[in-house]
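Each remark here refers to the structure printed beneath this line.
Number of protein chains: 4
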Amino acid sequence: MRKIDPRRHELKRQEILAAAGRCFARDGFRGARVADICAAAHISPGHLYHYFDGKESIIDAMAERNMARVVRRFAQMARQTNTLRALSAGLGASRRGQRHRRTQLAVEIVAEASRNAAVARILRAHVRGVRRLLAGYLRDGQRRGQIDPQLDADLFSAMVLAVTQGLQCLSIMDPAFRGPQRNLLVQLLIVRLLAPQAQRGTPARATKGSSST
Amino acid sequence: MRKIDPRRHELKRQEILAAAGRCFARDGFRGARVADICAAAHISPGHLYHYFDGKESIIDAMAERNMARVVRRFAQMARQTNTLRALSAGLGASRRGQRHRRTQLAVEIVAEASRNAAVARILRAHVRGVRRLLAGYLRDGQRRGQIDPQLDADLFSAMVLAVTQGLQCLSIMDPAFRGPQRNLLVQLLIVRLLAPQAQRGTPARATKGSSST
Amino acid sequence: MRKIDPRRHELKRQEILAAAGRCFARDGFRGARVADICAAAHISPGHLYHYFDGKESIIDAMAERNMARVVRRFAQMARQTNTLRALSAGLGASRRGQRHRRTQLAVEIVAEASRNAAVARILRAHVRGVRRLLAGYLRDGQRRGQIDPQLDADLFSAMVLAVTQGLQCLSIMDPAFRGPQRNLLVQLLIVRLLAPQAQRGTPARATKGSSST
Amino acid sequence: MRKIDPRRHELKRQEILAAAGRCFARDGFRGARVADICAAAHISPGHLYHYFDGKESIIDAMAERNMARVVRRFAQMARQTNTLRALSAGLGASRRGQRHRRTQLAVEIVAEASRNAAVARILRAHVRGVRRLLAGYLRDGQRRGQIDPQLDADLFSAMVLAVTQGLQCLSIMDPAFRGPQRNLLVQLLIVRLLAPQAQRGTPARATKGSSST
DNA sequence: CATGAATGAGCTTTCATTCAT
DNA sequence: CATGAATGAAAGCTCATTCAT
Numbered sequence: 001m002r003k004i005d006p007r008r009h010e011l012k013r014q015e016i017l018a019a020a021g022r023c024f025a026r027d028g029f030r031g032a033r034v035a036d037i038c039a040a041a042h043i044s045p046g047h048l049y050h051y052f053d054g055k056e057s058i059i060d061a062m063a064e065r066n067m068a069r070v071v072r073r074f075a076q077m078a079r080q081t082n083t084l085r086a087l088s089a090g091l092g093a094s095r096r097g098q099r100h101r102r103t104q105l106a107v108e109i110v111a112e113a114s115r116n117a118a119v120a121r122i123l124r125a126h127v128r129g130v131r132r133l134l135a136g137y138l139r140d141g142q143r144r145g146q147i148d149p150q151l152d153a154d155l156f157s158a159m160v161l162a163v164t165q166g167l168q169c170l171s172i173m174d175p176a177f178r179g180p181q182r183n184l185l186v187q188l189l190i191v192r193l194l195a196p197q198a199q200r201g202t203p204a205r206a207t208k209g210s211s212s213t
Numbered sequence: 214m215r216k217i218d219p220r221r222h223e224l225k226r227q228e229i230l231a232a233a234g235r236c237f238a239r240d241g242f243r244g245a246r247v248a249d250i251c252a253a254a255h256i257s258p259g260h261l262y263h264y265f266d267g268k269e270s271i272i273d274a275m276a277e278r279n280m281a282r283v284v285r286r287f288a289q290m291a292r293q294t295n296t297l298r299a300l301s302a303g304l305g306a307s308r309r310g311q312r313h314r315r316t317q318l319a320v321e322i323v324a325e326a327s328r329n330a331a332v333a334r335i336l337r338a339h340v341r342g343v344r345r346l347l348a349g350y351l352r353d354g355q356r357r358g359q360i361d362p363q364l365d366a367d368l369f370s371a372m373v374l375a376v377t378q379g380l381q382c383l384s385i386m387d388p389a390f391r392g393p394q395r396n397l398l399v400q401l402l403i404v405r406l407l408a409p410q411a412q413r414g415t416p417a418r419a420t421k422g423s424s425s426t
Numbered sequence: 427m428r429k430i431d432p433r434r435h436e437l438k439r440q441e442i443l444a445a446a447g448r449c450f451a452r453d454g455f456r457g458a459r460v461a462d463i464c465a466a467a468h469i470s471p472g473h474l475y476h477y478f479d480g481k482e483s484i485i486d487a488m489a490e491r492n493m494a495r496v497v498r499r500f501a502q503m504a505r506q507t508n509t510l511r512a513l514s515a516g517l518g519a520s521r522r523g524q525r526h527r528r529t530q531l532a533v534e535i536v537a538e539a540s541r542n543a544a545v546a547r548i549l550r551a552h553v554r555g556v557r558r559l560l561a562g563y564l565r566d567g568q569r570r571g572q573i574d575p576q577l578d579a580d581l582f583s584a585m586v587l588a589v590t591q592g593l594q595c596l597s598i599m600d601p602a603f604r605g606p607q608r609n610l611l612v613q614l615l616i617v618r619l620l621a622p623q624a625q626r627g628t629p630a631r632a633t634k635g636s637s638s639t
Numbered sequence: 640m641r642k643i644d645p646r647r648h649e650l651k652r653q654e655i656l657a658a659a660g661r662c663f664a665r666d667g668f669r670g671a672r673v674a675d676i677c678a679a680a681h682i683s684p685g686h687l688y689h690y691f692d693g694k695e696s697i698i699d700a701m702a703e704r705n706m707a708r709v710v711r712r713f714a715q716m717a718r719q720t721n722t723l724r725a726l727s728a729g730l731g732a733s734r735r736g737q738r739h740r741r742t743q744l745a746v747e748i749v750a751e752a753s754r755n756a757a758v759a760r761i762l763r764a765h766v767r768g769v770r771r772l773l774a775g776y777l778r779d780g781q782r783r784g785q786i787d788p789q790l791d792a793d794l795f796s797a798m799v800l801a802v803t804q805g806l807q808c809l810s811i812m813d814p815a816f817r818g819p820q821r822n823l824l825v826q827l828l829i830v831r832l833l834a835p836q837a838q839r840g841t842p843a844r845a846t847k848g849s850s851s852t
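If you read the protein sequences in the order shown, they are chains U, V, G and E. The first sequence runs 1 to 213 under the working numbering. The second sequence runs 214 to 426 under the working numbering. The third sequence runs 427 to 639 under the working numbering. The fourth sequence runs 640 to 852 under the working numbering.
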């Protein structure tokens with residue numbers, strides 16, 4: 001009998017979560033069946049319970065994983081020195097397919113959080129982290145003169161978060177905003193919301209039919 | 214000889230939908246059970262099927278009803294002549310309780326739309342209407358000099374929609390934004406995004422000390 | 427308030443039964459829904475119970491009605507003096523459409539009788555009558571020299587009954603035997619089973635090329 | 640690492656079908672409940688669906704199984720060289736209990752076939768096989784001089800089938816024909832329908848109260 | 001570690017029947 | 001007489017979870 005290797009165990013957990021992610025995006029947390037996740041992860045239903053306590057536990061892990069990814073993405077962004085460009089890129093559209101699945105999951109997680117205390121807790125913990133990170137980044141931008149110094153960084157971190165979610169919802173409500181159109185919108189938002197007064201004014205109308213991707 | 218009264222029938226349907234709304238907000242579309250809805254509507258499980266073809270049909274009707282309400286709300290808003298103030302009020306927080314239930318439903322509907330073709334169709338049909346309405350309203354505001362004339366009204370209608378959804382998501386992710394804090398955020402967004410250059414600049418710093426949790 | 431007119435009442439019962447017959451033939455006793463029967467009879471579900479105690483009661487009446495028709499048909503046949511020809515006509519195919527519905531009902535009733543005591547009783551009561559009638563008719567035929575005098579009329583009445591049912595089953599199992607092919611088979615059966623020795627021998631080979639499907 | 644054993648799976652399927660057969664005979668296809676079948680097969684209601692897609696699928700399998708048995712029975716019969724005796728034995732009464740259940744199922748299947756396309760297809764496929772088999776057997780009998788050479792074997796195969804069904808219906812309609820009386824009838828039918836002219840004539844009346852079983 | 005057979009509670013839906021009007 | 005809204009028991013089926021192997 002082999003002793004369990006914690007590394008292998010964690011690796012398998014991540015594999016299963018990846019499979020679960022596909023199922024959850026397709027069918028939602030409630031709609032996805034454990035059997036489907038097992039099939040997608042190429043394991044037997046019984047074996048799943050060596051890695052997770054149950055479906056609920058997978059959902060929690062999924063919320064955790066997803067929020068961790070958001071934190072990572074913002075953290076990565078925060079390393080760039082051109083604040084506005086970095087934010088635009090971070091909120092803009094990216095690899096198609098992958099992106100839409102992420103969008104679906106993000107909205108599903110918020111919906112779940114509105115009635116599932118455990119998921120809500122996970123979400124809030126990360127939201128706090130993200131906002132602190134964003135606030136710091138915005139203050140850096142203000143110091144660099146890239147962000148309007150009048151803004152309250154704390155409040156604006158919430159705004160960035162809200163806009164992030166809003167764009168995802170919009171891309172579901174109106175498929176036109178899954179592609180280049182979305183980037184247009186992002187740039188407008190970023191510039192008008194964050195840029196110092198001097199930099200603005202012109203781009204709003206000029207962006208009509210501007211660059212994308 | 215009693216003939217079916219379509220009025221009574223429609224009334225009962227609305228009653229059931231109201232009950233279903235409470236259940237869906239609490240447990241989600243999948244999590245809510247038909248039996249619960251029946252209990253909430255004070256009808257027997259079998260009788261529900263005199264008014265709806267099935268659970269799916271209730272979900273569709275719920276999406277329809279909710280989007281219709283959104284349209285109505287924006288339409289009402291569009292009758293006011295002070296564009297910025299009207300938008301601020303429209304996106305701001307209101308009666309607690311009612312509001313949060315609506316928020317939950319709104320997010321649930323978007324999540325459902327991302328994998329349910331019927332709901333997606335309903336949503337898109339109304340989104341088109343709302344955007345046309347908003348675009349018209351923004352153009353009116355531009356004519357009145359209340360909205361930055363540089364803005365592309367069409368694109369900005371999408372932005373207002375995205376922000377609406379984003380605020381709802383935020384209020385789930387961070388409960389601090391369910392109350393007055395939300396109004397603060399809304400005003401900032403409205404002013405920076407929509408107001409002509411001359412009107413802006415001052416209010417942003419006033420929000421000091423707005424961090425959540 | 428009008429007193430119930432027993433004549434009208436009985437008429438309506440028959441109308442309902444006719445409608446029920448169509449439903450039962452299409453969907454079977456269990457498969458047919460009371461609501462369908464009501465719709466077919468152009469009455470409301472509640473009103474049905476003025477004429478029948480319940481579905482079971484309709485099934486009983488249907489069995490009764492159907493067996494009564496069989497009795498009537500054989501009685502009518504028994505008035506004809508050419509025994510063999512009368513029997514051939516009686517067992518042969520007739521108006522399409524009508525006939526097949528009757529066939530379906532007949533088999534359904536037998537199937538039901540095998541597990542429903544009430545229906546079994548109804549069926550047996552009529553079977554006794556039919557067999558007595560047939561036995562008498564066969565004896566008449568024997569007296570007239572049209573039926574083999576060696577036959578035991580009592581036993582052969584059962585045989586005629588069995589063959590009647592068998593042909594109906596066959597017409598379901600092999601649709602080829604719903605039309606003229608069936609008549610061919612009937613004539614063969616009648617002649618070989620019932621005719622005196624002298625009359626037989628010739629017609630059998632004449633049917634060459636009668637395979638089905 | 641256990642792999643699914645198709646043999647065990649098929650065995651369990653047959654066990655379940657046997658249990659279903661008892662339920663269907665007692666209550667009919669529609670009347671029998673899935674829960675009853677599960678109880679009779681000593682499995683849980685959910686587990687049934689590892690072996691069958693649903694109730695409909697069990698009914699189809701039952702029709703298939705029953706018709707396969709009929710084919711097997713006739714095939715076995717066709718191996719015997721005394722054609723008339725073999726047919727008499729084949730159509731006659733046998734082990735009580737078992738037999739009646741088979742009779743009920745046979746009639747139920749025909750009734751179902753009259754309105755269920757899938758069952759009808761199954762039935763017809765086997766009917767074709769049985770008729771071919773019977774026709775061949777009758778021709779063999781004709782060669783051996785045991786069957787009237789004037790008969791058209793093809794048509795008479797249908798006749799044998801019809802008589803088989805007719806006897807089953809009769810045994811339901813008149814319980815007297817479940818036992819020895821039935822054998823009497825069978826012998827008469829066989830002799831008169833199939834035997835060459837020379838062999839016949841006497842037995843018809845002589846059978847009054849004759850031997851059985 | 002891994003399997004998949006087995007469980008059973010609980011889901012949505014159906015439908016014979018009742019009853020206020 | 002007649003209606004159809006209302007009932008509620010029970011049906012078929014699903015699926016998260018357990019367990020013998």
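We put the beta carbon where it would ideally sit given N, CA and C, even for glycine.
Is the closest heavy atom of the ligand GDP to the C-beta of residue i under 8 Å?
i: V:C236; result: As presented, the structure is devoid of all ligands, the ligand GDP included, so that no description of it is given.
Could you spell out the range, first to last residue, of the alpha helix (DSSP H) harbouring residue i?
i: V:Y350; result: 330 to 357
i: G:L432; result: It is worth fixing the name first, because residue 432 of chain G is Pro in this sequence and not Leu. Element bounds for G:P432: 432 to 457.
i: V:F287; result: 268 to 290
i: U:A153; result: 153 to 173
i: G:N508; result: Note, G:N508: premise wrong, no alpha helix (DSSP H); not H, not E.
i: E:R740; result: 737 to 752
i: E:P819; result: 819 to 833
i: V:I250; result: 247 to 253
i: E:G685; result: Run containing E:G685: none; DSSP gives neither H nor E here.
Hey, out of the options, whose CA is closest to residue i's CA?
i: U:A135; options: U:S157, U:R65, U:V119, U:D53; result: U:S157
i: U:G92; options: U:A118, U:L167, U:D5; result: U:L167
i: V:A276; options: V:A333, V:D249, V:H263, V:A299; result: V:A333
i: E:L744; options: E:R770, E:L777, E:V709; result: E:V709
i: U:H42; options: U:A20, U:I147, U:D174, U:D140; result: U:A20
i: V:L397; options: U:D152, U:P196, U:I172; result: U:D152
i: E:H689; options: E:R669, E:L650, E:A725; result: E:L650
i: V:G303; options: V:R312, V:H313, V:F287; result: V:F287
At the 9 Å Cβ level, is residue i part of the contact set with chain U, yes or no?
i: V:P388; result: yes
i: V:D249; result: no
i: V:S270; result: no
Would you verify that the beta carbon of residue i is, or is not, closer than 9 Å to some beta carbon of chain G?
i: E:T622; result: Only positions 640 to 852 of chain E appear in the structure, and residue 622 of chain E is not among them; the question remains open.
i: E:G693; result: no
i: E:V710; result: no
i: E:L650; result: no
i: E:I786; result: no
i: E:F713; result: no
Looking at chain V, is there any beta carbon in it that lies within less than 9 Å of the beta carbon of residue i?
i: U:Q104; result: yes
i: U:G62; result: A small fix is needed here, since residue 62 of chain U is Met in this sequence, not Gly. So, not an interface residue.
i: U:T83; result: no
i: U:L17; result: no
For chain E, find out if any of its Cβ atoms is closer than 9 Å to the Cβ of residue i; answer yes or no.
i: G:S540; result: yes
i: G:M503; result: no
i: G:R570; result: no
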